[in-house]
Every structure is written in structure tokens, then in C-alpha cells.
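Student:
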């Protein structure tokens, strides 16, 4: 009798676990279902095919406004491992579609993103805009840009070369590549508790690397000079050599008059937000510049408390992905493009 009771308890316990698991699985599926219609698309640029996603509002024929996404650094696919979808949904609520391409060499996109200069990335973005203007469901008068981090050197180039770009949203952008690199290095050293001697040694190594870049050193010459390459690869060295002189200041001047939303995070160890804000305010007129600060956000605009707890980050990503972002961020993105729409309708 006792054995049968234990068996019944075990069966009911297993059933409860399965039911809870099924329930949580259902919650996860529901929370990761977005009010969007996603279409896989291909854009041709410079003889190569680039894989992408066009995410339109859940209903309606359009024409919709369009937000063209420009990625930050790294091997990023069109959805940014689904990280973009809450943003796409937020823009969709304002009547905007979103267009994002996988970087060259990622997904089905041909080429290699490490072969690109910032000018190359701008050309790729312009090709995406040109493609979008052929779509009857896209309003060519309401095409704008959204970009994060390294996109800070790409967005102004695109806006400078296509004056029809309606708006720019710059999230955690840097202005000067070399200044940003120094800031990031020192921030990482502080986070890791480096001593003053270790900081000075790291800065000396950095200056030595910059001298080699200015001399046009190959990766082999760099490796011979420094010995320990500290994870640097030949491909990454060539990428840095193409881009380390990047500075957005000149191109930002061409954005004067383009409605711009500058998004800055309070816990950004990648970009010196004070330097970025000062540059944007110095170059862009107040009438066209909106600045939003998120004191509790990291560089990626994820809530700082969430990002710094692996269990919490995982659970939030699975069961409440919209809450990954800092409070107010998604709503502010939507409101910004809604204002662009309202302004356009009264022009």
C-alpha cells in the first residue's frame, strides 16, 4: 500500500512538472510571438547578395514608413539573434516597417564583414534604401535610419549621401574611433580592478599599436613587434587598419536639419557618452536634435541589473524579452517616429 502511494505521488509529481513545463513553454512562445509580418528578402550590392528581413506591421497594405537598421560591431545577423524584434514591434505600432540585413558572411549574406570600411557599410545601407523605394508597400518619403554603437560612423555618411533620409536614431554611438578606443580600454581596466601600473602598461601597448597602424604595418609585422597578440587575428587587424581613423564629426555636419534622436546609456563602458553628447550638441542644431538618457541602461540599452545577472538575463530573454531593454526605451522609440509621421502629414 505504501509503495502504491509513493508511486501515485511520483506520478502526480511528474505530471505537475510536465504541466508546469508545458505552461512555461507556452508563456515563452507567447512572449516571443510578435505582432509582425516578417519576410525574408535579398538585396544586391557590389556584386553580392545580402540576406535580410523586412518586418511589416501585422495588418494593413501600407504604404508604411520604414526604419533601416545599421548594426554595431561584430558578426550580426538580420534579427541580431532576435534582439531586434521588440524594436520592430514597437515601430510597427507606429505604422513603420523595419528592414535589417545580415552582415556579409553572416547567414546567407555573401562576403566578409571584416573586409568592410565604414564607407562600405554606408554603401550597403544605401543599397537597402534604394531597394526599399521600389516596394509599393513602403512610403519613400518616410524612410529613416536606426543604428547602434559602431553605426555611429555609418549613419552620418548615409544621411550625408542621401538627403531624402527622413530621420536618424543613433543608439550609443561613438564619434572618434581612437578616443572611443581609449575610453573603452580604461573603462575595462577599471571594471577589472587594474592597478595604476597595469593601466600605464596597457596605454603604452595601445600607443605602440597605433604607431604600427599609422606605419601601415601588416599583421605579421604587428605580431613580431608585440609578441602576444592578445586574441587579435589577421582579419581583425586589417579591419581596424581600414577604420581606426574614423571620425563622425564631418559627416554629422551634413545631418543638420535631419531629425535625430540620440540615445545614451548611464552604464556605457564602450562609448564615452559625455563626449558623444557634446559633439552632437555642438554640431547639430537644437531644433533637430532630441537626446534621451537612460541612467540604468548598459551600452546595448539592456537594463543594467538584468545584464549583470546571468540567470535573470536568461529568464528575461526567454519569458519577457521586451523587458530586456531599459524602462521607457521601446516606447520612446515609437513616439519619436510617430512625431515624424505627424510632422510629415502637416507639411
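Residue numbers (the numbering used here): -9 to 337.
Glycine included, C-beta positions come from ideal geometry on N, C-alpha and C.
All values derive from a computational prediction rather than experimental measurement.
Using three-state DSSP, classify residue 268 as helix, strand or coil.
Tutor: Walking along the chain shown from the start, residue 268 turns up at place 278. Three-state result, residue 268: helix.
Student: Consult DSSP for residue 61 and reduce its assignment to one of helix, strand or coil.
Tutor: For this step, residue 61 is matched to residue 71 along the chain shown. In the structure shown, residue 61 sits in coil (DSSP, three-state: anything other than H, G, I, E or B).
Student: Going by DSSP, what residue range makes up the beta strand (DSSP E) through residue 66?
Tutor: Translated into the one-based positions of the chain shown, residue 66 becomes position 76. Run containing residue 66: none; DSSP gives neither H nor E here.
Student: Looking only at C-alpha atoms, which of 109, 94 and 259 sits nearest to residue 103?
Tutor: By 1-based counting over the chain shown, the position of residue 103 is 113. With distances taken between Cα atoms, residue 103 lies closest to 94.
Student: Whether or not the segment 25 to 45 and the segment 71 to 90 are in contact is what I'm after, with contact meaning three or more pairs of Cβ atoms, one per stretch, closer than 8 Å; do they touch?
Tutor: The segment 71 to 90 is in contact with the segment 25 to 45.
Student: For the alpha helix (DSSP H) containing residue 296, list its first residue and its last residue.
Tutor: The count along the chain shown starts at 1 and reaches residue 296 at position 306. Segment 294 to 297, the alpha helix (DSSP H) holding residue 296.
Student: Since residue 207 contacts residue 148 with CB under 8 Å, what's their CB separation in whole angstroms?
Tutor: For the purposes of this step, residue 207 is taken as the residue at position 217 of the chain shown. For the purposes of this step, residue 148 is taken as the residue at position 158 of the chain shown. Actually they do not touch by this definition, with Cβ atoms about 31 Å apart.
Student: Among the candidates 181, 200, 303 and 186, whose CA atom is the shortest distance from the CA of residue 338?
Tutor: Residue numbering for the chain in the displayed model covers -9 to 337; residue 338 lies beyond these limits and cannot be assessed.
Student: What residue range does the beta strand (DSSP E) around residue 128 cover?
Tutor: Taking the chain shown and counting its residues from 1, one reaches residue 128 at position 138. From DSSP, the beta strand (DSSP E) with residue 128 extends over 128 to 138.
Student: So, is residue 142 buried or exposed, given that buried needs 16 or more other C-beta atoms within 10 angstroms?
Tutor: In the chain shown, residue 142 corresponds to position 152, counting from 1. Classification of residue 142: buried, given that the 10 Å Cβ count is 16 or more.
Student: At 3 residues or longer, what runs of the beta strand (DSSP E) sit wholly inside the segment 125 to 209?
Tutor: Those beta strand (DSSP E) runs which fall completely within the segment 125 to 209 and span 3+ residues are 128 to 138 and 158 to 161.
Student: Only counting the same chain, and skipping five residues up and downstream in sequence, which positions put a Cβ closer than 6 Å to that of residue 10?
Tutor: The residue you call residue 10 lines up with position 20 of the chain shown. Its pLDDT being 47, under 50, residue 10 is placed unreliably in this model, and the coordinates cannot settle the point.
Student: Which of the three DSSP states, helix, strand or coil, is assigned to residue 84?
Tutor: For the purposes of this step, residue 84 is identified with residue 94 of the chain shown, where counting begins at 1. It is coil, neither helix nor strand.
Student: Would you mind giving the Cβ-Cβ distance between residue 84 and residue 324, rounded to the nearest angstrom? I have them listed as a contact below 8 Å.
Tutor: The residue you call residue 84 lines up with position 94 of the chain shown. The residue you call residue 324 lines up with position 334 of the chain shown. That pair is a contact at about 5 Å.
Student: At 3 residues or longer, and completely inside the segment 219 to 268: list those beta strand (DSSP E) runs for me, N to C.
Tutor: Segments of the beta strand (DSSP E) lying fully in the segment 219 to 268: 250 to 257.
Student: Could you give the residue range of the alpha helix (DSSP H) that holds residue 113?
Tutor: In the chain shown, the residue the question calls residue 113 occupies position 123. Its alpha helix (DSSP H) spans residues 108 to 122.
Student: In this structure, does DSSP put residue 33 in helix, strand or coil?
Tutor: Within the chain shown, the letter at position 43 stands for residue 33. If DSSP states are grouped into helix, strand and coil, residue 33 belongs with the strands.
Student: Could you compute how far the alpha carbon of residue 225 sits from the alpha carbon of residue 105?
Tutor: Position 235 of the chain shown, counted from the start, is the residue given in the question as residue 225. Position 115 of the chain shown, counted from the start, is the residue given in the question as residue 105. Between residue 225 and residue 105, the C-alpha separation is close to 8 Å.
Student: Report the option in 315, 285, 283 and 280 whose CA atom is closest to the CA atom of residue 297.
Tutor: Position 307 of the chain shown, counting from 1, holds the residue named residue 297. Of 315, 285, 283 and 280, the residue nearest in Cα terms is 315.
Student: Pop quiz: residue 124 and residue 58 are said to be a contact at Cβ under 8 Å. What is the actual Cβ separation, rounded to whole angstroms?
Tutor: Here residue 124 refers to the residue found at position 134 of the chain shown. Here residue 58 refers to the residue found at position 68 of the chain shown. Contact flag wrong, Cβ pair sits at about 14 Å.
Student: Among 244, 241 and 229, which residue has its Cα nearest to the Cα of residue 64?
Tutor: Position 74 of the chain shown holds residue 64. Cα-wise, what sits closest to residue 64 is 229.
Student: Using 10 angstroms around the beta-carbon of residue 140, count the other beta-carbons present and answer buried if the total reaches 16, otherwise exposed.
Tutor: Looking up residue 140 in the chain shown gives position 150. Under this definition residue 140 is a buried residue.
Student: What does a CB cutoff of less than 6 Å around residue 98 pick up in its chain, not counting 5 residues either side in sequence?
Tutor: Stepping through the chain shown from its first residue, residue 98 is reached at position 108. Hits under 6 Å: 41.
Student: Give the C-beta separation of residue 278 and residue 243 to the nearest angstrom, bearing in mind that I take them to be a contact with Cβ-Cβ under 8 Å.
Tutor: To locate residue 278, count along the chain shown from 1; it is residue 288. To locate residue 243, count along the chain shown from 1; it is residue 253. That pair is no contact at about 12 Å.
Student: Buried or exposed: which applies to residue 178, given that a residue is buried once 16 or more other Cβ atoms fall within 10 Å of its Cβ?
Tutor: In the chain shown, the residue the question calls residue 178 occupies position 188. Exposed, because fewer than 16 other Cβ atoms sit within 10 Å of the Cβ of residue 178.
Student: Less than 7 Å separating the beta-carbons of residue 260 and residue 107?
Tutor: As a working mapping, residue 260 is identified with position 270 in the chain shown. As a working mapping, residue 107 is identified with position 117 in the chain shown. In this structure, residue 107 does not lie closer than 7 Å to residue 260 by Cβ.
Student: By Cβ distance, which residues of its chain are closer than 8 Å to residue 48, with the 5 residues on each side in sequence left out?
Tutor: The count along the chain shown starts at 1 and reaches residue 48 at position 58. Cβ neighbours of residue 48 beyond the five flanking positions: 25, 26, 27 and 82.
Student: Just tell me which of 291, 254 and 262 has its CA closest to the CA of residue 280.
Tutor: Translated into positions along the chain shown, residue 280 becomes position 290. The candidate whose alpha carbon is nearest that of residue 280 is 254.
Student: Can you tell which of 121, 131 and 71 has the C-alpha that lies nearest to the C-alpha of residue 86?
Tutor: Reading the chain shown from its first residue, position 96 is the one you call residue 86. Nearest C-alpha to residue 86: 131.
Student: With a Cβ-Cβ cutoff of 7 Å, do residue 159 and residue 56 count as a contact?
Tutor: Translated into the one-based positions of the chain shown, residue 159 becomes position 169. Translated into the one-based positions of the chain shown, residue 56 becomes position 66. Not in contact: residue 159 and residue 56 (Cβ atoms no closer than 7 Å).
Student: Pull up the distance between the alpha-carbon of residue 134 and that of residue 155, whole angstroms please.
Tutor: Counted from its first residue, the chain shown places residue 134 at position 144. Counted from its first residue, the chain shown places residue 155 at position 165. The alpha-carbon atoms of residue 134 and residue 155 are separated by roughly 5 Å.
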